[in-house]
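J.: Residue numbers (my numbering): 1 to 203.
Provided herewith is a single structure, encoded as C-alpha cells, for subsequent inquiry.
Written as C-alpha cells, this is what we have:
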C-alpha cells in the first residue's frame, strides 16, 4: 500500500483505534481555527477546502448536488467509490451542524450509497463521521464518508479485535443516567421526558 493511502487509512481508522499524529503527518485546515469571529470568517473564505469546492474555487469530482449539500469523490480514497457528503454551509463539526442540515445530508445516504455500490460492484459500505481531532477529523467542515467495502479488504484494524459484552452493572446504569441527564441540557433536543433507567429486553 502506498504511503498516502496508508496515511489516509490511519486517519479514517483512528476513530476506532486512535493514534497520535503530528503536524508533519496530518495537515489540518485553518477553518475556524481562530477565536476571533472576523478572523474565523476570513479563514473560512480563504482556507477551507470544502468551502472552496462549494464555491467552485477548487476542483472536485461531483457525484451529486442540491440546495443543501453535495457529494464528491474523496481525493485520497481508501476504496474505489469512497465519497463524501458535505453541506454547502460551513459548520466545523457535526455537533455544530443544525439538525435540519444533518437531516438533509443523511437523507441522501440511501440514494447515493445504492448508486456507489452498483457502480463499484460492492454490496456493503461503511458510513463514517470523524468528529473532532481525537476522532481523526482533519478538515473542519462537517462531512460524511461513504466507503464501499469488499470481502476481506481489512480496512479497519479493529475488525480483527474481539468485542467485549456490555456489563449490565451499576457503572453502566450510572453512565445511562448521566447521558440522559446531559440530553436534557442539549439545545433543541425535544424529547426531555424522564424515562428512568431500565434494561430493555430483560424479562
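From the three backbone atoms N, C-alpha and C, an ideal C-beta is built for every residue, glycine too.
Remember, it's a predicted structure, so these values are computed and weren't measured experimentally.
Closest by CA to residue 133, which one among 60, 52, 148 and 93?
T.: Closest by alpha carbon: 93.
J.: Going by beta-carbon coordinates alone, are residue 148 and residue 80 separated by less than 8 angstroms?
T.: Yes, these two residues count as a Cβ contact at 8 angstroms.
J.: Expressed to the nearest angstrom, what Euclidean distance is found between the alpha-carbon atoms of residue 89 and residue 126?
T.: Rounded to the nearest angstrom, the two C-alpha atoms are 24 angstroms apart.
J.: Excluding five sequence neighbours on each side, which residues of the same chain lie with their C-beta closer than 6 angstroms to the C-beta of residue 129?
T.: If we look at residue 129 and ignore the five residues flanking it on each side, its Cβ neighbours are 94 and 144.
J.: In the region 69 to 128, which residue ranges form an unbroken alpha helix (DSSP H) of at least 4 residues, counting only runs that do not cross its ends?
T.: Here the runs fully enclosed are 99 to 107 and 109 to 120.
J.: Residue 179 lies in the beta strand (DSSP E); which residues open and close that run?
T.: Run containing residue 179: none in the beta strand (DSSP E); it sits in the alpha helix (DSSP H), 170 to 183.
J.: Suppose contacts are defined by Cβ-Cβ distances below 8 angstroms. Is residue 204 in contact with residue 85 by that definition?
T.: Past the edges of the chain, shown from 1 to 203, lies residue 204, and the structure says nothing about it.
J.: How do the region 112 to 127 and the region 160 to 171 stand: do at least 3 beta-carbon pairs fall below 8 angstroms, yes or no?
T.: Contact between the region 112 to 127 and the region 160 to 171 is absent, because fewer than three Cβ pairs lie under 8 angstroms.
J.: So what's residue 62 in DSSP terms, helix, strand or just coil?
T.: It is a strand residue.
J.: Within 7 angstroms: the Cβ of residue 143 and any heavy atom of the ligand GDP?
T.: You won't find the ligand GDP in this model; it holds no ligand whatsoever.
J.: Using the C-alpha atoms, what's the distance from residue 55 back to residue 176?
T.: Answer to the nearest angstrom: the Cα atoms are 43 angstroms apart.
J.: Ends of the beta strand (DSSP E) at residue 53?
T.: Premise fails: residue 53 lies in the alpha helix (DSSP H), 49 to 55, not in any beta strand (DSSP E).
J.: Based on DSSP bridge pairs, tell me the residues matched to residue 146.
T.: Paired residues: 83 and 127.
J.: Thinking C-alpha only, which one of 67, 62, 154 and 60 is nearest residue 78?
T.: Selected option, being the one with the closest Cα: 154.
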